[in-house]
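Working notes for the structure below.
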Amino acid sequence: MVTDDIPKTAIITPFGVYEFLRMSFGLRNAAQTFQRFIDDVFRGLNFVHAYVDDCLIASPDRESHLKHLDLVFERLQKHGITVNVQKCQIGTDSLDSLGHIIDAQVIRPLRTKLATILDYPEPTTIKQLRTFNDLVSFCRRFIPKCALLMKPLTDQLRGNAKSINLDDTARKAFFTIKELIVKATMLAHQDTRAPISIAVDASNSAVGGVLQQWVNNSWQPLAFFSRRLLDTESRYKH
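According to this note's numbering, numbering within the sequence shown proceeds without interruption in unit steps and concludes at 718.
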């Protein structure tokens with residue numbers, strides 16, 4: 481923490497005034513500041529994927545992994561960074577990261593994330609529907625045409641009503657999304673040697689696409705994209 485900024489973090493308690501001597505994640509812009517710092521720490525190490533304080537080290541084999549670890553530890557030591565050994569996984573073929581399961585072949589949502597959606601009751605209030613929409617949005621890159629499928633539900637979010645009663649179309653969409661969550665497409669990791677393609681589609685109410693790669697004589701999805709059109713966009717001339 482810069483000396484001049486320490487007083488800005490002061491907290492008044494019954495036991496006295498306390499100040500942070502190091503940056504706390506509770507401070508405004510702390511996460512962004514740390515992200516820039518950690519990006520600088522690992523700059524040039526393309527096998528390191530850092531999201532704030534979660535760092536993945538991806539290696540093709542054991543020998544490469546050991547070399548990568550040496551380079552990472554060297555950078556950490558150079559910048560005076562310590563790690564919590566209890567939170568580290570080294571040399572594993574599969575791990576949980578940021579709500580996903582990642583292994584050598586694919587990435588997919590954690591089962592607990594999917595279970596939360598599958599067990600979610602039919603919403604009767606706008607707040608409940610927004611929560612369900614947020615849960616689905618976390619998994620939307622695994623679901624083709626997600627925005628179009630969710631449209632009957634997101635249409636219910638318009639207006640000022642606090643309570644809702646799903647009609648047959650919206651109720652069907654609610655359960656269809658749940659069925660698709662069970663079958664959520666596993667996404668492949670990019671093979672930098674493989675040809676890449678973007679397939680797109682559109683309707684009067686939504687647009688979507690898939691980023692895919694050609695491997696073993698078939699297209700493997702890397703990510704799905706979709707969003708509903710704004711009212712003005714839906715009136716564009718074709």
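We put the CB at the ideal spot given by N, CA and C, even for glycine.
- Scanning Ala664, Glu713, Lys652 and Ser698 for the CA closest to the CA of Ala682 turns up Glu713.
- The region 509-554 is shown to contain whole beta strand (DSSP E) runs of 3 or more residues at 528-531 and 534-537, in chain order.
- DSSP places Ala653 in the helix class (H, G or I) of the three-state scheme.
- Non-local C-beta neighbours of Asp534 in its own chain, meaning closer than 8 Å and more than five positions away in sequence, comprise Ser577 and Leu578, ordered along the chain.
- In its chain, beyond the 5 residues on either side, Pro603, Leu633, Gln636, Leu637 and Ile644 have a beta carbon closer than 7 Å to the beta carbon of Leu609.
- Boundaries of the beta strand (DSSP E) harbouring Thr493: Ile491 to Thr493, taken from the DSSP string.
- Within the model, the alpha-carbon separation for Thr489 versus Arg715 is close to 50 Å.
- Beta-bridge annotation (DSSP): Thr605 is paired with Ser643.
- When secondary structure is reduced to three states using DSSP, Phe704 falls in the strand class.
- Put simply, the backbone Cα of Thr649 is about 15 Å away from that of Glu659.
- Contact holds between the region 516-535 and the region 550-566, because three or more Cβ pairs, one in each stretch, are under 8 Å apart.
- Taking 8 Å as the upper bound for CB-CB distance, Ala674 and Gln585 are not in contact here, some 14 Å apart.
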